[in-house]
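These protein sequences, in sequence, are chains R and F.
This note's numbering applies: residue 2 is where the first sequence begins, and numbers increase by one.
This note's numbering applies: residue 2 is where the second sequence begins, and numbers increase by one.
Built from N, CA and C at the ideal position, the CB exists for glycine as well.
Note that the structure is a prediction, hence the values are computed from the model and not measured.
Inspection log for the structure reproduced underneath, given as structure tokens.
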Amino acid sequence: MIEWLLEPFQHPFNQRAILAALMIGLTNGYASAFVVLKKSALKVGSLSHALLPGIAVAILLVGLHDWSAFLGSLFAALLIGLGSLAVSRGSRLDQDSALAILYTAAFSGGIILLRRIGVAQEMEEWLFGNIMGLRDSDLWTNFWISFGALGILTALHRPLLMTLFDAEVAATLGVPVRALNYLLLAVLIVVLISSLQAVGCMLALGLLVTPAATVYLLTDSTNAMFWGGSLLGGLASAFAVLAGWWLNIEQGPAIVLVLGAVFVIAFLFSPKYGLLGRSRGRSC
Amino acid sequence: MAPALKNENMSHQSHPTCAHHHHHHELRVENLGVRYRELDALQDVSFATSCGACVALIGPNGAGKSTLLKAVAGLLPIAAGRILWRGTKVAKWSREIAYLPQREDVDWQFPITVRGVVRMGRYPQAGWWRPFSTADETAIDRAIELMGLTDLGDRQISRLSGGQQQRVFLARALAQQAHVLLLDEPFSGLDRPSKSALAATLRKITGEGRLVIASHHDMDTVRGIYDEVLLLRRKAIAFGPVAEVFNEAALDATFGALSATEKEVA
Numbered sequence: 002m003i004e005w006l007l008e009p010f011q012h013p014f015n016q017r018a019i020l021a022a023l024m025i026g027l028t029n030g031y032a033s034a035f036v037v038l039k040k041s042a043l044k045v046g047s048l049s050h051a052l053l054p055g056i057a058v059a060i061l062l063v064g065l066h067d068w069s070a071f072l073g074s075l076f077a078a079l080l081i082g083l084g085s086l087a088v089s090r091g092s093r094l095d096q097d098s099a100l101a102i103l104y105t106a107a108f109s110g111g112i113i114l115l116r117r118i119g120v121a122q123e124m125e126e127w128l129f130g131n132i133m134g135l136r137d138s139d140l141w142t143n144f145w146i147s148f149g150a151l152g153i154l155t156a157l158h159r160p161l162l163m164t165l166f167d168a169e170v171a172a173t174l175g176v177p178v179r180a181l182n183y184l185l186l187a188v189l190i191v192v193l194i195s196s197l198q199a200v201g202c203m204l205a206l207g208l209l210v211t212p213a214a215t216v217y218l219l220t221d222s223t224n225a226m227f228w229g230g231s232l233l234g235g236l237a238s239a240f241a242v243l244a245g246w247w248l249n250i251e252q253g254p255a256i257v258l259v260l261g262a263v264f265v266i267a268f269l270f271s272p273k274y275g276l277l278g279r280s281r282g283r284s285c
Numbered sequence: 002m003a004p005a006l007k008n009e010n011m012s013h014q015s016h017p018t019c020a021h022h023h024h025h026h027e028l029r030v031e032n033l034g035v036r037y038r039e040l041d042a043l044q045d046v047s048f049a050t051s052c053g054a055c056v057a058l059i060g061p062n063g064a065g066k067s068t069l070l071k072a073v074a075g076l077l078p079i080a081a082g083r084i085l086w087r088g089t090k091v092a093k094w095s096r097e098i099a100y101l102p103q104r105e106d107v108d109w110q111f112p113i114t115v116r117g118v119v120r121m122g123r124y125p126q127a128g129w130w131r132p133f134s135t136a137d138e139t140a141i142d143r144a145i146e147l148m149g150l151t152d153l154g155d156r157q158i159s160r161l162s163g164g165q166q167q168r169v170f171l172a173r174a175l176a177q178q179a180h181v182l183l184l185d186e187p188f189s190g191l192d193r194p195s196k197s198a199l200a201a202t203l204r205k206i207t208g209e210g211r212l213v214i215a216s217h218h219d220m221d222t223v224r225g226i227y228d229e230v231l232l233l234r235r236k237a238i239a240f241g242p243v244a245e246v247f248n249e250a251a252l253d254a255t256f257g258a259l260s261a262t263e264k265e266v267a
């Protein structure tokens with residue numbers, strides 16, 4: 002029994018996977034508070050799908066290197082994000098519809114392209130992740146992304162918090178609201194990409210929403226939402242990697258499934274805001 | 002990047018809560034024009050008032066009340082004229098001018114406590130990174146106490162009555178040491194006791210030498226709450242002390258049937 006529990010810690014690829022899960026979960030968990038408070042889960046979900054065609058084009062143009070997939074997906078997300086803005090401004094269509102049109106079209110193109118250039122067997126990895134396949138260099142890439150993203154988000158905590166709570170009042174207090182919103186979106190996209198190898202672009206959204214959404218049902222403190230989401234994201238992801246090994250299931254889906262299960266528990270039993278645990282209703 | 006928040010004058014830190022003797026601080030609006038796309042939301046609006054006054058902003062829907070408040074707060078580009086606060090043009094933002102949002106514009110489910118909201122009032126002084134000093138904490142405590150929220154500091158903001166919620170945002174403006182408070186429909190949605198409590202609170206705030214400008218709907222309560230009134234319908238119909246200006250004729254001019262051109266614009 003003990004041997005069975007300890008086994009995953011002995012293989013280098015497993016150690017890497019656990020470390021990566023901790024790091025990615027931590028960063029995504031922290032960033033998920035912004036997604037939830039900004040109520041932009043759908044937008045981020047659309048952008049996560051936009052990553053796939055970017056990877057396909059990058060592989061087609063320069064082959065698969067350490068940074069090519071990262072830069073390709075970043076470029077694609079920016080292109081489709083800004084493209085949807087341009088369409089909504091230049092026509093009577095709203096931005097969500099424009100985004101849906103652009104990302105589904107791009108996603109389709111990406112799938113066709115990935116099959117054509119003969120990396121179809123890797124497609125499932127891009128869609129659902131392969132955390133066991135991480136190399137040391139990937140770990141470093143993730144480390145720098147986490148370091149940069151957390152650094153920016155914590156350094157700008159006050160103005161970001163004001164912008165999220167009330168953008169108009171924030172502007173009257175000298176906060177450059179529009180610039181911060183763009184910066185925040187850029188950071189969220191980069192964080193999204195960092196989880197690509199772990200959970201793939203179909204599931205990345207789960208990691209970037211569920212942790213803080215769960216804590217949101219448990220607390221009224223903003224800081225608890227950020228750091229609690231971070232803690233939950235990191236621990237749940239690492240645990241899921243282990244559980245995946247023990248139970249022989251895919252780690253990427255396991256991560257999102259564990260987070261989903263914790264959310265359901267909070268939804269049902271949260272003392273303050275749970276369906277069953279609610280002791281006193283939301284007064285007023 | 003911080004200087005934007007930091008360079009605001011520090012000289013006022015010596016006055017813990019604001020200005021008891023700043024009655025001469027004047028807000029002067031001169032020939033103000035604001036345009037939304039192609040429409041004139043405000044045209045040629047002029048008035049002047051000073052600290053210690055409680056000013057009602059009265060006019061029909063679409064008269065430009067919110068627009069005027071936002072323009073004074075520095076939220077809207079000015080198409081014509083100018084706004085002077087203490088003799089200098091109002092910049093994009095100022096710590097001395099606090100804008101309080103309309104109830105519907107606040108996300109009440111935001112995971113933040115009463116104290117958390119009031120703390121935001123100190124961000125301009127503290128900048129983006131400096132930890133809060135004891136002076137900051139004192140200002141926060143005082144503001145919370147002045148607004149009668151001492152026992153509610155740890156309450157999430159949706160778990161408050163309407164009157165208490167209004168006072169949270171007033172407390173933030175006090176913690177910010179604002180001289181001018183701009184309120185958009187502060188009385189809407191409040192029950193009768195909360196309304197009279199808020200009226201007393203606004204009197205207290207102006208009594209301490211601050212300037213309050215609030216858009217207001219209920220004609221019956223204007224006399225009891227405000228000193229001055231600005232009747233607005235895209236243009237300033239009348240401005241002055243309530244006793245002199247707030248009368249039937251002026252109200253008719255403000256709320257009377259829309260002229261043909263106004264209908265077209267509306």
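Legend entry - Spatial neighbours of residue 22 of chain F in its chain, beta-carbon cut-off 6 angstroms, leaving aside the 5 residues before and after: As a working note, residue 22 of chain F is residue 21 in the second sequence. Note that residue 22 of chain F has pLDDT 47, beneath the 50 cutoff, so the model's placement of it is unreliable and the number below is only indicative. If you ignore the 5 residues before and after residue 22 of chain F, its C-beta comes within less than 6 angstroms of no other C-beta in its own chain.
Legend entry - Three or more C-beta pairs below 8 angstroms linking the segment 82 to 89 of chain F and the segment 153 to 169 of chain R: Two segments are said to touch when three or more pairs of C-beta atoms, one from each, lie closer than 8 angstroms; by this definition the segment 82 to 89 of chain F does not touch the segment 153 to 169 of chain R.
Inset, instruction - Flag residue 217 of chain R as yes if its beta-carbon sits less than 9 angstroms from any beta-carbon of chain F, otherwise no. - result: For this step, residue 217 of chain R is matched to residue 216 along the first sequence. At least one C-beta of chain F is nearer than 9 angstroms to the C-beta of residue 217 of chain R.
Legend entry - C-alpha distance - residue 85 of chain R paired with residue 97 of chain R, whole-angstrom precision: As a position in the first sequence, residue 85 of chain R is number 84, starting the count at 1. As a position in the first sequence, residue 97 of chain R is number 96, starting the count at 1. When rounded, the distance between both Cα atoms is 8 angstroms.
Inset, instruction - Output yes if chain R places a C-beta closer than 9 angstroms to the C-beta of residue 142 of chain F; else output no. - result: Position 141 of the second sequence holds residue 142 of chain F. Not one chain R Cβ lies under 9 angstroms of residue 142 of chain F.
Inset, instruction - Output yes if chain R places a C-beta closer than 9 angstroms to the C-beta of residue 225 of chain F; else output no. - result: Sequence index remark: in the second sequence, residue 225 of chain F carries index 224 (1-based). Interface residue (Cβ-Cβ distance to chain R less than 9 angstroms): residue 225 of chain F is not classified as such.
Inset, instruction - Would you give the residue range spanned by the alpha helix (DSSP H) that residue 64 of chain R belongs to? - result: As a working note, residue 64 of chain R is residue 63 in the first sequence. Residue 64 of chain R -> no alpha helix (DSSP H), and no H or E assigned at all.
Legend entry - Residues that residue 264 of chain R contacts on chain F, provided the C-beta gap is smaller than 8 angstroms: The residue given as residue 264 of chain R occupies position 263 in the first sequence. Identification of chain F residues near residue 264 of chain R by a Cβ-Cβ cut-off of 8 angstroms yields none; the smallest Cβ-Cβ distance measures about 16 angstroms.
Inset, instruction - Identify the continuous beta strand (DSSP E) that holds residue 50 of chain F and give its terminal residues. - result: As a first step, residue 50 of chain F must be located in the second sequence, where it is residue number 49. Per DSSP, residue 50 of chain F belongs to the beta strand (DSSP E) from 40 to 51.
Legend entry - First through last residue of the alpha helix (DSSP H) which encompasses residue 188 of chain R: Locating residue 188 of chain R in the first sequence gives position 187, where the first residue counts as 1. Note, residue 188 of chain R: alpha helix (DSSP H), 178 to 195.
Inset, instruction - Closer than 7 angstroms, Cβ to Cβ, to anything on chain R: give me those residues from the segment 59 to 85 of chain F, in chain order. - result: For the segment 59 to 85 of chain F, the set of residues with a beta-carbon nearer than 7 angstroms to any beta-carbon of chain R comprises 74, 75, 76, in chain order.
Legend entry - Beta carbon of residue 70 of chain F nearer than 9 angstroms to that of residue 199 of chain F: As a first step, residue 70 of chain F is located in the second sequence; it is residue number 69 there, counting from the start. As a first step, residue 199 of chain F is located in the second sequence; it is residue number 198 there, counting from the start. Contact: no.
Legend entry - Contacts that residue 301 of chain R makes with chain F (C-beta to C-beta distance below 9 angstroms): The first residue shown for chain R is 2 and the last is 285, placing residue 301 of chain R beyond what the model contains.
Inset, instruction - Would you be able to state if there are at least three C-beta pairs under 8 angstroms between the segment 48 to 57 of chain R and the segment 111 to 122 of chain R? - result: Touching, per the Cβ criterion.
Inset, instruction - Pick out whichever of R/103, R/198, R/102 has its Cα sitting closest to the Cα of residue 130 of chain R. - result: By 1-based counting over the first sequence, the position of residue 130 of chain R is 129. Taking only the C-alpha atoms, the option nearest residue 130 of chain R is R/198.
Legend entry - Stretch pair the segment 209 to 226 of chain R + the segment 5 to 16 of chain R: three plus CB contacts closer than 8 angstroms: The segment 209 to 226 of chain R makes no contact with the segment 5 to 16 of chain R; the number of CB pairs closer than 8 angstroms stays below 3.
Inset, instruction - Using a Cβ-Cβ cut-off of 9 angstroms, state whether residue 29 of chain F counts as contacting chain R. - result: By 1-based counting over the second sequence, the position of residue 29 of chain F is 28. At least 9 angstroms separates the CB of residue 29 of chain F from every CB of chain R.
Inset, instruction - Classify residue 26 of chain R as buried or exposed, calling it buried when 16 or more other Cβ atoms lie within 10 Å of its own Cβ. - result: The sequence position of residue 26 of chain R within the first sequence is 25, counting from 1. Of the other Cβ atoms in all chains shown, 16 or more fall within 10 Å of the Cβ of residue 26 of chain R; this residue is therefore buried.
Legend entry - Residues near residue 112 of chain F by beta carbon distance below 8 angstroms, same chain, minus five either side: Here residue 112 of chain F corresponds to residue number 111 of the second sequence, with the count starting at 1. Closer than 8 angstroms at Cβ, skipping near neighbours: 157.
Inset, instruction - Classify residue 186 of chain F as buried or exposed, calling it buried when 16 or more other Cβ atoms lie within 10 Å of its own Cβ. - result: Taking the second sequence and counting its residues from 1, one reaches residue 186 of chain F at position 185. Buried is the call here.
Legend entry - Chain-ordered chain R contacts of residue 148 of chain F [CB-CB under 9 angstroms]: In the second sequence, residue 148 of chain F corresponds to position 147, counting from 1. Within chain R, no residue comes near residue 148 of chain F; the closest Cβ sits about 17 angstroms away, beyond 9 angstroms.
Legend entry - Three-way DSSP call (helix, strand, coil) for residue 230 of chain R in this model: In the first sequence, residue 230 of chain R corresponds to position 229, counting from 1. Three-state DSSP puts residue 230 of chain R in a helix.
Inset, instruction - Have a look at residue 20 of chain F and residue 51 of chain F and give me their C-alpha separation to the nearest angstrom. - result: In the second sequence, residue 20 of chain F corresponds to position 19, counting from 1. In the second sequence, residue 51 of chain F corresponds to position 50, counting from 1. Because residue 20 of chain F carries a pLDDT of 45, less than 50, the predicted location of this residue cannot be relied on, and the following value inherits that uncertainty. Rounded to whole angstroms, residue 20 of chain F to residue 51 of chain F spans 12 angstroms at the Cα level.
Legend entry - Reduced DSSP category for residue 57 of chain F - H, G, I as helix; E, B as strand; rest coil: Taking the second sequence and counting its residues from 1, the one referred to as residue 57 of chain F is at position 56. Here residue 57 of chain F sits in strand by DSSP.
Legend entry - Close beta carbons around residue 121 of chain F, own chain, < 7 angstroms, minus the five adjacent residues each side: Here residue 121 of chain F refers to the residue found at position 120 when the second sequence is read from its first residue. The beta carbon of residue 121 of chain F sits closer than 7 angstroms to those of 173, all from its chain and outside the five residues before and after it, given in chain order.
Legend entry - Burial state of residue 262 of chain R (16 or more Cβ within 10 Å): Counting from one through the first sequence, the residue named residue 262 of chain R turns up at place 261. Classification of residue 262 of chain R: exposed, given that the 10 Å Cβ count is below 16.
Inset, instruction - Leaving aside the five residues before and after residue 175 of chain R along the sequence, list all residues of the same chain whose C-beta is less than 8 angstroms from its C-beta, in chain order. - result: Position 174 of the first sequence, counted from the start, is the residue given in the question as residue 175 of chain R. Within the same chain, residue 175 of chain R has no close Cβ partners at all.
Inset, instruction - Indicate whether the contact test is met: 3 or more Cβ pairs, each with one atom in the segment 31 to 42 of chain R and one in the segment 139 to 155 of chain R, closer than 8 angstroms. - result: As far as the Cβ criterion goes, the segment 31 to 42 of chain R touches the segment 139 to 155 of chain R, which means the pair count is three or higher.
Legend entry - CA nearest to the CA of residue 69 of chain R, picked from R/76, R/31, R/59: As a first step, residue 69 of chain R is located in the first sequence; it is residue number 68 there, counting from the start. When only C-alpha atoms are compared, the closest one is R/59.
Inset, instruction - Take every Cβ of the segment 39 to 51 of chain F, pair it with every Cβ of the segment 160 to 169 of chain F, and state whether three or more of those distances are shorter than 8 angstroms. - result: Three or more beta-carbon pairs separated by less than 8 angstroms are not found between the segment 39 to 51 of chain F and the segment 160 to 169 of chain F, which leaves the two stretches without contact.
Legend entry - Inter-residue CB distance, residue 251 of chain F and residue 238 of chain F (contact presumed, cutoff 8 angstroms): As a first step, residue 251 of chain F must be located in the second sequence, where it is residue number 250. As a first step, residue 238 of chain F must be located in the second sequence, where it is residue number 237. Sure, about 6 angstroms apart at Cβ, within 8 angstroms.
Inset, instruction - Indicate whether the contact test is met: 3 or more Cβ pairs, each with one atom in the segment 53 to 63 of chain F and one in the segment 211 to 228 of chain F, closer than 8 angstroms. - result: Yes, the segment 53 to 63 of chain F is in contact with the segment 211 to 228 of chain F.
Inset, instruction - For residue 227 of chain F, count neighbouring Cβ atoms within 10 angstroms of its own Cβ and tell me buried if that reaches 16, exposed if not. - result: Taking the second sequence and counting its residues from 1, the one referred to as residue 227 of chain F is at position 226. It is buried - the Cβ of residue 227 of chain F has at least 16 other Cβ atoms within 10 Å.
Legend entry - Among R/6, R/200, R/195, R/159, nearest to residue 129 of chain F - alpha-carbon criterion: Here residue 129 of chain F corresponds to residue number 128 of the second sequence, with the count starting at 1. Comparing Cα-Cα distances from residue 129 of chain F to each of R/6, R/200, R/195, R/159, the minimum goes to R/159.
Legend entry - Minimum Cβ-Cβ distance from residue 167 of chain F to chain R less than 9 angstroms: Taking the second sequence and counting its residues from 1, the one referred to as residue 167 of chain F is at position 166. With respect to chain R, the C-beta atom of residue 167 of chain F has no partner C-beta closer than 9 angstroms.
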